[in-house]
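*Asks:* Let me give you the structure first, and then I'll get to my questions.
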Amino acid sequence: MARARQSKNRRRRIPCESVDDLFIVGLDAEWQTEGGQNRLLSFQWSVLYRGKESNGIAFYDKGKRPKLADLIQQILTQARREKLFSHHPKRLLLVSHFTLAELSILEDFHLLKSRFDSIRGSFTTLTEPFPVKVTDQNRNQRIIDVHLRDSLHLTPQGARLEVLGEIHGIPKVELPPGAIENMAHLLETNRELFTEYAITDARIAAFHALEMAKLNREMTGESAVPITLGGMAVKFALNQWSEAGIEPLDLLGMVEVKEEAFDSRTGRTRKKKKKVLMATLHEHEALAVESYHGGRNEAFYFGPSPVDDWFDVDLKGAYSTALASVGMPRWLELRYTKDSADFRAGVIGCARIRFEFPASVRYPTLPVRQPNNLIFPLKGETYATAPEIELARELGASIEIISGIVVPMDSSDFPFENVISECSRRRNDAKDKGDDLGNRLYKEIGNSFYGKIAQGLREKRVFDSRSAERRDLPPSPVTQPFIAAHVTGLVRTALGELMNSIEEDRVIISVTTDGFVTNASLDVLEQRSDGPACRTLRETRDRMLGDPSILEVKHAIRQVLCFRTRGQATLKPGTSGEVPLLAKAGIKPPPDIVGSDHQNEWMVRQFLERSADTTFRYESLTTLRHLYESDGDLVAVGHERRLGMEFDFKRKPSLRWMNTFRDQEPHLAFHTTPFASEQECRFYREGWKRFERSGRCLKTEDDLRDFEEFLEGERLAERGINRSREGLAKVAMRQFLRRLVRGVCGLESALDGCSYAEMADRLCGSGVEVSAGDLKNAKRPGVKLASHSVPSTPEVVKLVHFLREEFPDWDANEMMDEGHSSPGRAADHIATDIAPDASREQTSYGVNDAKSTKFGANS
C-alpha cells in the first residue's frame, strides 16, 4: 500500500510555472506500404525545452520497429548530449499530427493501445499518463510520465500539417512528384532531402504544441498543451465567468452533490463531487433533449437551375451569436404551460406539440425527426423550442401544446456574450497584429464553445481504448440541454423567417445549417430580416461588434446544379476567379482531382453521365477501432460506393421541365412543395428505394412521371386494387368497366342496345386497349368497386376526359381520388406557361400560389 501511495504521488500532475518548462517532443514517422503492411523507414523528432531545440532521426532496417520506451531513451540521450537539459524531465509531452499513425508502427503498439485514450479517431492522454523507464547518464533508472497530444485536435478546422507549417514559418519541404508514394526510393537516392522533409514534419508538430501552450496560458492561465480546442474553450469560459462574478452553477441550472464510487485501483469506495441539474430542470430534461435538433438541411430544387444571380447567403456566426443572445436564465421561475402564446423568442421554452400549417406556406418551419435527418412537413407532431413555435403561429399554423415549459431570461444580463465577445475581441486583435494563427484559432474556439453546451445530449457511442468497450459520450462541464435546444431552435427560426419572407417570384435552391442558396439579393434579405429571431441576432451582434448586419454572401454564381441535401455544384460561375459553390454530399472525387474548380467539373460530369449503377471509388485510412482489434498497420483501404446523386425526397416534386445547359442534352429539373405529413414523406422515400431497384434515374420528365405512377400503384395495392403492367390508365379503365356493366354512377343505360364487343371497340378510342373479355371479367362476382381510389395522373386525366365526352352522365368524381392527385398532373397543365425556358435567361418563377407572408414581405 505504501508503494501504491508513492506511485500515486509520483505520478500526480506537475504544474509548470512557465510554458518554457514544458518538455515537448514532436514525433513523426515515415514508412513504405508494401503488400498491405508498412515497412518503417525512420522516426524523427524535434525536442523543445526552455528555448532550446534538438532535432534527430533514426533509420530502421527492413522489418525493425522500436518500442516507445527505447525511442524515448534515444531521443533523450541525444538531447542531453546536445546539452538541452542537465536533469531528466519528470514529465514529457509527446506530440504528433495524427497520433494513430506514429503509435501504430511501434513494436509495442499492442500494449500501448490501452494505455492512451481514443478520441476522434486517434490517441491522446485524458487521464493517466504512460510511465516510461529510461536510464540516465549515471545508469540510474528513472520513470518519465508521457502525456500524448495530437496536434490535429488543436488546429482550426482540422488543418493539414503544411497549413500549420506556413502559419509557424516552417514550410513543409517540397518533394519531387511521386516521392510521397515511394519514400523508400527517396531515402535510397536522396537521404539528405528525405531527412530534411521528415524532421520538418516533427518540428511543425512540436512548435504548434508550444504555441498552443502559450495560447492556453493566455486564455486560461494554465501552462499546458490543451487536449482539444473545445476543452480549452470551456476553461476559457469558466475563467471569464469567474472574472465577471458569474457562478457557473447558477447559469447552467445545476447543483453540486456528493456520491460514492468504487475505485477499482484501490479496492475502496470513495466520495466524489458531481454536478447535476436542479430538480425542477431534471423533471423536464427529456423535453429539452427531445427539442434539441440539428441544423436545417434540405434541397428545395433538383437539377440545373435557370440562369440568374444566385447567392449563397449565410447567417454570420450563427451559433455563437445565438448563444451570446441568451440572457441569464431564471431557472427557479420555470413554469409548465399549454398556452402557445407563452412561447416566444425572449424565453427559453420547450414543448411537445401538434401542428398544422396552411397549405400556402412554402417553407414550413417545425422539424420532425426521422431516423437520420429532419423533415419539415405541413402537419404532424414534434418537439419544438419557443422561437420555432412563435414563428409557426405567425405563419398561420395551428398549434396544440401537449406539454411544455418556459423559463424567463434576464434581458439585461448576457453571460455567454461575455465569452463570445472576448473571443471576437482577441480575434480582431490578432488580425490587426497579422497573427494568422490567433485569428483562425479564436474563431474556431468561439464556434466550438457551443458544441460543448450540447455535448452528450443525443446518444453517441464512442470507443474507449482503455477498456476496449463502447460507452456513451459524457456531457462536458458546461452541457446544458435547455440552452442547447434554444440556440439551435433560434438559428432554425431565423432561417425560417428569412425563407418565408422571400417574394413568390424568388426561389430557394437549398438550405444548409446556417444559410441557403437563393436568387433573392442580400439587400432585400437584410431589409426583410425583421422577425423576432433575426432581431435577436441583430441586436446581439450590434452589442458585441457594433455591426447589426447578420447576413453575408459566401458565393455568387450564375447557375446552380442541385441534386440533394448538401449536394450542389456550379454550372456557370459568377465573377471571374470566384471559388465555385460546391457541396459534395459525401461524394469523394479521385485523389488526382485537386482544387475546387477541377472537383466541381468532376461532380458535374458525374451527374450528367450517371446511371443507377454508377459508383465511385475512394480510399480511407484504417480506423482506430480496426487497428485496435487487429494490431495491424495504418494503410489506405479502398471502398466503392453508389454515387448517390438522386433527389432525397425530403420534399415533394411539383413543377418540372427539361432544362438545357452547357450544350448538353436536356435534363430534368423540378421545384418542390412540402409534404403534407411525415407519413407521406416516408411513403415517397421508401417508394423511391423500391423504384430505384429497377435501374432508373431521374433524368427526364418521363422518369419522374413513371416514379409517381409507381407510387400511385403502390397506393392502390394498399387498398386491395390490383395494379396493371399497362399503367394506371388501365387500372382506371377496369374500375370504369365495373361501374359500366353494373349500370351505376350515372351509367344506368350506357350499355342499352350495345354488345360487349361493340362497346370495347368504342372504348379503344381512348388509347387504352379494351376487349369484350374485359367487360365480362368486370361483371364477375367479387370484383371490387373502389370509390375515390384512382389517382389523377396525367394519363388518367386524359382517359377521364375521353370517358366524360362519351358518357356525359357518368359521375367520375365517385371514382377519382382527388386527394392524391399526382404533382405531374398540375405540371403538365402549367409547365408550358411558367417553367423557365432553357433557351433564355429567366428571372421570374411562378412556382407557388402562396403569397410571401410576414416579416417584411408583401401580403
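Start counting the sequence shown at 4; every next residue gets the next number (the working numbering). Think of the CB as a built atom: it goes at the ideal place given N, C-alpha and C, for glycine as much as any other residue. Keep in mind that this is a model prediction, so the values were computed, not measured.
I need the straight-line Cα distance from S795 to R396, nearest angstrom please.
*Replies:* For the purposes of this step, residue 795 is taken as residue 792 along the sequence shown, with counting starting at 1. For the purposes of this step, residue 396 is taken as residue 393 along the sequence shown, with counting starting at 1. If I take the Cα positions, the gap works out to 33 angstroms.
*Asks:* Please state whether DSSP places K446 in a helix, a strand or coil.
*Replies:* Residue 446 sits at position 443 when you count from the first residue of the sequence shown. Helix.
*Asks:* So the beta strand (DSSP E) S513 belongs to, where does it begin and stop?
*Replies:* As a position in the sequence shown, residue 513 is number 510, starting the count at 1. It spans 511-516 - the beta strand (DSSP E) in which S513 sits, taken as one unbroken run.
*Asks:* Are there 16 or more other CB atoms within 10 angstroms of the CB of A5, so buried, or fewer, so exposed?
*Replies:* Translated into positions along the sequence shown, residue 5 becomes position 2. Any answer about A5 is weak, because its pLDDT of 36 lies below 50 and its placement is not dependable; what the coordinates show is given next. Under this definition A5 is an exposed residue.
*Asks:* I need the straight-line Cα distance from S513 to Q571, nearest angstrom please.
*Replies:* As a first step, residue 513 is located in the sequence shown; it is residue number 510 there, counting from the start. As a first step, residue 571 is located in the sequence shown; it is residue number 568 there, counting from the start. Those two C-alpha atoms are separated by around 9 angstroms.
*Asks:* Take the Cβ of F265 as the centre, count every other Cβ of all protein chains shown within 10 Å, and call the residue buried at 16 or more, exposed below.
*Replies:* The count along the sequence shown starts at 1 and reaches residue 265 at position 262. Result: exposed.
*Asks:* Please identify the residue among T663, S415, G441, W313 whose C-alpha is closest to the C-alpha of P332.
*Replies:* Numbered from 1 along the sequence shown, position 329 holds the residue referred to as residue 332. P332 has its Cα closest to that of S415, out of T663, S415, G441, W313.
*Asks:* Please state whether the Cβ-Cβ distance between L79 and H91 is less than 8 angstroms.
*Replies:* To locate residue 79, count along the sequence shown from 1; it is residue 76. To locate residue 91, count along the sequence shown from 1; it is residue 88. Yes. Within cutoff.
*Asks:* For L254 and S451, what's the separation of their Cα atoms in angstroms?
*Replies:* Position 251 of the sequence shown, counted from the start, is the residue given in the question as residue 254. Position 448 of the sequence shown, counted from the start, is the residue given in the question as residue 451. Looking at the two C-alpha atoms, the distance is approximately 19 angstroms.
*Asks:* Can you tell me whether DSSP reads K276 as helix, strand or coil?
*Replies:* Here residue 276 corresponds to residue number 273 of the sequence shown, with the count starting at 1. The answer is strand: DSSP assigns K276 an E or B state.
*Asks:* What is the DSSP secondary structure of N1, reduced to helix, strand or coil?
*Replies:* The structure shown does not extend to residue 1, since the chain spans only 4 to 862, so no value can be given for it.
*Asks:* Measuring only the C-alpha atoms, how far is L658 from R783?
*Replies:* Working through the sequence shown from its first residue, we reach residue 658 at position 655. Working through the sequence shown from its first residue, we reach residue 783 at position 780. Distance between the alpha carbons of L658 and R783: 41 angstroms.
*Asks:* Check F739 in the structure and name its three-state DSSP category.
*Replies:* Looking up residue 739 in the sequence shown gives position 736. Three-state result, F739: helix.
*Asks:* Can you name, in chain order, every residue of its own chain whose Cβ lies under 7 angstroms from the Cβ of D831, other than the five neighbours on each side?
*Replies:* Taking the sequence shown and counting its residues from 1, one reaches residue 831 at position 828. Legend: pLDDT at D831 = 39, less than 50; position of this residue unreliable, value from coordinates given subsequently. The answer, listed in chain order, is P797.
*Asks:* Buried or exposed, going by whether 16 or more other CB atoms sit within 10 Å of the CB of I837?
*Replies:* Within the sequence shown, residue 837 is the residue found at index 834, counting from 1. Unreliable placement is indicated for I837, whose pLDDT of 35 sits below 50; the coordinate value is still reported in the next sentence. By the 10 Å Cβ count, I837 comes out exposed.
*Asks:* Measure the CB-CB distance between A321 and A536 and report whether it falls below 8 angstroms.
*Replies:* As a first step, residue 321 is located in the sequence shown; it is residue number 318 there, counting from the start. As a first step, residue 536 is located in the sequence shown; it is residue number 533 there, counting from the start. It is not a contact, given that the beta carbons lie outside the stated cut-off.
*Asks:* For N376, write down the residues that DSSP places opposite it in a beta bridge.
*Replies:* Here residue 376 refers to the residue found at position 373 when the sequence shown is read from its first residue. BP columns for N376 are empty, so no partner.
*Asks:* Can you give me the C-alpha to C-alpha distance between L190 and L241, rounded to a whole angstrom?
*Replies:* On the sequence shown, position 187 is the one that residue 190 refers to. On the sequence shown, position 238 is the one that residue 241 refers to. Approximately 50 angstroms, taken between the alpha carbons.
*Asks:* Straight-line CA distance for I448 to V329?
*Replies:* Along the sequence shown, one-based indexing puts residue 448 at 445. Along the sequence shown, one-based indexing puts residue 329 at 326. Each residue's alpha carbon lies about 18 angstroms from the other.
*Asks:* Just checking, does the segment 254-263 make contact with the segment 222-240 on the three C-beta pairs under 8 angstroms criterion?
*Replies:* In short, these stretches do not touch, since the Cβ pair count stays below three.
*Asks:* Could you give the residue range of the alpha helix (DSSP H) that holds E462?
*Replies:* The residue labelled residue 462 in the question sits at position 459 within the sequence shown. Element bounds for E462: n/a, residue is neither H nor E.
*Asks:* Can you look up N143 in the DSSP assignment and give me helix, strand or coil?
*Replies:* In the sequence shown, the residue the question calls residue 143 occupies position 140. Three-state result, N143: coil.
*Asks:* Let me confirm a value: P826 is counted as buried when at least 16 other C-beta atoms fall within 10 Å, else exposed. Which label applies?
*Replies:* Mapped onto the sequence shown, residue 826 falls at position 823. Reliability fails at P826, whose pLDDT of 48 lies under 50, so the model's placement of it is uncertain and the value that follows must be treated cautiously. Answer is buried; the Cβ neighbour count reaches 16.
*Asks:* Take Q602 and list the residues in its own chain whose beta-carbon comes closer than 8 angstroms to its own, dropping the five residues that flank it on each side.
*Replies:* As a working mapping, residue 602 is identified with position 599 in the sequence shown. L585, K587, P592, I596, listed in sequence order.
*Asks:* What is the DSSP secondary structure of P839, counted as helix, strand or coil?
*Replies:* Residue numbering aside, residue 839 sits at position 836 when the sequence shown is read from its first letter. The pLDDT assigned to P839 is 48, lower than 50, so where the model puts this residue is not dependable; a value taken from the coordinates is nonetheless given after this. Coil.
*Asks:* Might you give, ordered along the chain, the residues of its own chain that have their beta carbon closer than 6 angstroms to the beta carbon of Y687, omitting 5 neighbours on each side?
*Replies:* Numbered from 1 along the sequence shown, position 684 holds the residue referred to as residue 687. Excluding residues within five positions, the ones whose Cβ falls inside 6 angstroms are F652.
*Asks:* Can you look up G570 in the DSSP assignment and give me helix, strand or coil?
*Replies:* Here residue 570 corresponds to residue number 567 of the sequence shown, with the count starting at 1. In the structure shown, G570 sits in a strand (DSSP, three-state: E or B).
*Asks:* Using beta-carbon positions only, say whether C748 and E817 come within less than 8 angstroms of one another.
*Replies:* Within the sequence shown, residue 748 is the residue found at index 745, counting from 1. Within the sequence shown, residue 817 is the residue found at index 814, counting from 1. Yes.
*Asks:* Just mark N442 as buried or exposed, buried being the case when its beta carbon has 16 or more other beta carbons within 10 Å.
*Replies:* The residue labelled residue 442 in the question sits at position 439 within the sequence shown. The residue in question, N442, is buried, as its Cβ has 16 or more Cβ neighbours within 10 Å.
*Asks:* Just to confirm, is the Cβ distance from T388 to C426 under 8 angstroms?
*Replies:* Your numbering for residue 388 matches position 385 in the sequence shown. Your numbering for residue 426 matches position 423 in the sequence shown. No, they are not a contact pair.
*Asks:* Would you kindly work out how many angstroms separate the C-alpha atoms of D23 and R53, rounded to a whole number?
*Replies:* Within the sequence shown, residue 23 is the residue found at index 20, counting from 1. Within the sequence shown, residue 53 is the residue found at index 50, counting from 1. Spanning the two alpha carbons is a distance of roughly 4 angstroms.
*Asks:* Hey, how far is the Cα of R474 from the Cα of F466?
*Replies:* The count along the sequence shown starts at 1 and reaches residue 474 at position 471. The count along the sequence shown starts at 1 and reaches residue 466 at position 463. Each residue's alpha carbon lies about 6 angstroms from the other.
*Asks:* Is DSSP giving D600 helix, strand or coil here?
*Replies:* Locating residue 600 in the sequence shown gives position 597, counting from the first residue. In the structure shown, D600 sits in a helix (DSSP, three-state: H, G or I).
*Asks:* According to the neighbour-count rule (16 or more other Cβ atoms, all chains shown, within 10 Å of its Cβ), is D315 buried or exposed?
*Replies:* Within the sequence shown, the letter at position 312 stands for residue 315. Its Cβ being crowded by 16 or more others within 10 Å, D315 is buried.
*Asks:* Under 7 angstroms: does the beta carbon of R546 sit that close to some heavy atom of the ligand NAD?
*Replies:* Among the ligands in the structure shown, none appear at all, so the ligand NAD cannot be discussed.
*Asks:* Here's a check: name, in chain order, each residue in its chain whose Cβ is nearer than 8 angstroms to the Cβ of D706, leaving out the five neighbours to either side.
*Replies:* What you label residue 706 is simply residue 703 of the sequence shown in a count that begins at 1. The answer, listed in chain order, is L671, R699, C700.
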